[in-house]
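In what follows, a single structure is set out as structure tokens and then discussed.
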Amino acid sequence: MSTDRNKILISPSIIASDLTTIGEQARQFDPAVIDLLHLDVMDGNFVPNLTFGPGFIQDLKKHTSIPLDVHLMIERPERSIEQYMKSEPWAITIHYESTRFPARILSEVHRAGITAGLSINPATPVEAVYDLLPYTDMVLIMSVDPGFYGQPFMDAAVGRIEKLSATIRERAGNPVRIQVDGGINKDNIARVVSAGASIIVVGNAAFKGGDINENLRELMASAIKHS
Ligand code: DX5
Ligand code: ZN
Numbered sequence: 006m007s008t009d010r011n012k013i014l015i016s017p018s019i020i021a022s023d024l025t026t027i028g029e030q031a032r033q034f035d036p037a038v039i040d041l042l043h044l045d046v047m048d049g050n051f052v053p054n055l056t057f058g059p060g061f062i063q064d065l066k067k068h069t070s071i072p073l074d075v076h077l078m079i080e081r082p083e084r085s086i087e088q089y090m091k092s093e094p095w096a097i098t099i100h101y102e103s104t105r106f107p108a109r110i111l112s113e114v115h116r117a118g119i120t121a122g123l124s125i126n127p128a129t130p131v132e133a134v135y136d137l138l139p140y141t142d143m144v145l146i147m148s149v150d151p152g153f154y155g156q157p158f159m160d161a162a163v164g165r166i167e168k169l170s171a172t173i174r175e176r177a178g179n180p181v182r183i184q185v186d187g188g189i190n191k192d193n194i195a196r197v198v199s200a201g202a203s204i205i206v207v208g209n210a211a212f213k214g215g216d217i218n219e220n221l222r223e224l225m226a227s228a229i230k231h232s
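Note that the sequence shown covers residues 6 to 232 in our numbering.
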């Protein structure tokens, strides 16, 4: 994967696929067009849905060389973060709303050489992450309430990305990347990229209908068309 921090990366969310055959599907994923695999961990507590945990992620890793982008939608991630670090993903993102100790967890993840991500729900003011930027490699702006794929994009996310992007620019020497997740498709991807997001999660638009590799090629073309 490119280390250029400005390069646009697309991260398809596998919960929008048929998870019962994800090992076989992963072998068809083309690393030339799929930059990351977005893994939505849901605990039925922080969000009203359940997906998979660290054992599943370790097994999935055997089926693909594409770097893993782990999004933890779990209460109190400090209790299980080490289990997720063991699978050595490219990134682990925790939610601001899920813990009282975000700086400590982010520092632990970063020290292990893993991209330390901090996510905020649409109802959390974007300013909430400003004091945590020194501990953060990536901020994930949710553009839907987390818990399910296939929800409509919330337009307010665009202004939130612009505001955060301007704040990150003001703090020279702190190259925090912005990820966006929820309801992204070929019609809105260019808007979030122009606003300052460089890592784009896509669930429905990647897996529902057509071939995943072809869908990703089209999304990337739309992402860079107007940016
Ligand atoms: C929502 C998840 C997202 C979701 C994306 O809680 O974090 O990653 O699966 O799927 P779409 O793009 O369909 O909203
Ligand atoms: Zn996600």
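Just so it is clear, CB atoms sit at the ideal spot from N, CA and C, and this is done for glycine as well.
beta-carbon Pro151 near the ligand DX5 non-hydrogen atom, thresh 6 Å: Within the sequence shown, numbered from 1, the residue matching residue 151 stands at position 146. Yes, since a heavy atom of the ligand DX5 falls inside the 6 Å radius drawn around the Cβ of Pro151.
Leaving out five residues on either side along the sequence, give the residues of the same chain with a beta carbon under 7 Å from the beta carbon of Ile20. Against the sequence shown, residue 20 aligns to sequence position 15. Excluding sequence neighbours, Ile20 sits near Asp45, Thr56, Tyr154, Gly208.
Quick one: what's got a C-beta closer than 8 Å to Glu167's C-beta in the same chain, skipping five residues either side? The residue labelled residue 167 in the question sits at position 162 within the sequence shown. Within the same chain, and ignoring the five residues on either side of Glu167 in sequence, the residues whose Cβ sits closer than 8 Å to its Cβ are Ala200, Gly201.
Would the stretch 14–29 and the stretch 114–122 be scored as touching if the rule is three or more Cβ pairs under 8 Å? Result no; under three Cβ-Cβ pairs closer than 8 Å.
Between the stretch 133–142 and the stretch 25–33, do three or more beta carbon pairs fall short of 8 Å? Two segments are said to touch when three or more pairs of C-beta atoms, one from each, lie closer than 8 Å; by this definition the stretch 133–142 does not touch the stretch 25–33.
Closest residue to Asp9 among Val181, Ile194, Arg222, Val206 (Cα-Cα distance): For the purposes of this step, residue 9 is taken as residue 4 along the sequence shown, with counting starting at 1. Comparing Cα-Cα distances from Asp9 to each of Val181, Ile194, Arg222, Val206, the minimum goes to Val181.
Which of helix, strand or coil DSSP assigns to Ile183: Position 178 of the sequence shown, counted from the first residue, corresponds to residue 183. Strand at Ile183.
How far does the beta strand (DSSP E) with Ile20 in it extend, from its first residue to its last? Taking the first residue of the sequence shown as position 1, residue 20 is located at position 15. If you look at Ile20, you'll find it isn't in any beta strand (DSSP E); DSSP assigns it neither H nor E.
Smallest Cα separation from Ala133: which of Arg165, Ser112, Arg109? On the sequence shown, residue 133 is found 128 positions in, with the first residue counted as 1. Answer by Cα proximity: Arg165.
Ile166, enclosing alpha helix (DSSP H) - first and last residue: Stepping through the sequence shown from its first residue, residue 166 is reached at position 161. Ile166: member of the alpha helix (DSSP H) spanning 161–175, first to last residue.
Ile204 in three-state terms, based on DSSP: Position 199 of the sequence shown, counted from the first residue, corresponds to residue 204. Of the three classes helix, strand and coil, the one that applies to Ile204 here is strand, per DSSP.
Spatial neighbours of Lys91 within its chain, please: C-beta separation below 8 Å, excluding the five flanking residues on both sides. Taking the sequence shown and counting its residues from 1, the one referred to as residue 91 is at position 86. The residues Pro59, Gln63, in chain order, have a CB closer than 8 Å to that of Lys91 in the same chain once the five nearest residues on each side in sequence are set aside.
Between which residues of its own chain and Pro36 is the CB-CB distance below 7 Å, once the five residues before and five after are set aside? Sequence index remark: in the sequence shown, residue 36 carries index 31 (1-based). So the list reads Ser70, Ile71, once near-sequence residues are dropped.
Tell me Leu137's beta-bridge partners as DSSP assigns them. For the purposes of this step, residue 137 is identified with residue 132 of the sequence shown, where counting begins at 1. Paired residues: none, contrary to the question.
First and last residue of the alpha helix (DSSP H) that includes Asp64? One-based indexing of the sequence shown puts residue 64 at position 59. Where Asp64 is concerned, the enclosing alpha helix (DSSP H) stretches over 59–66.
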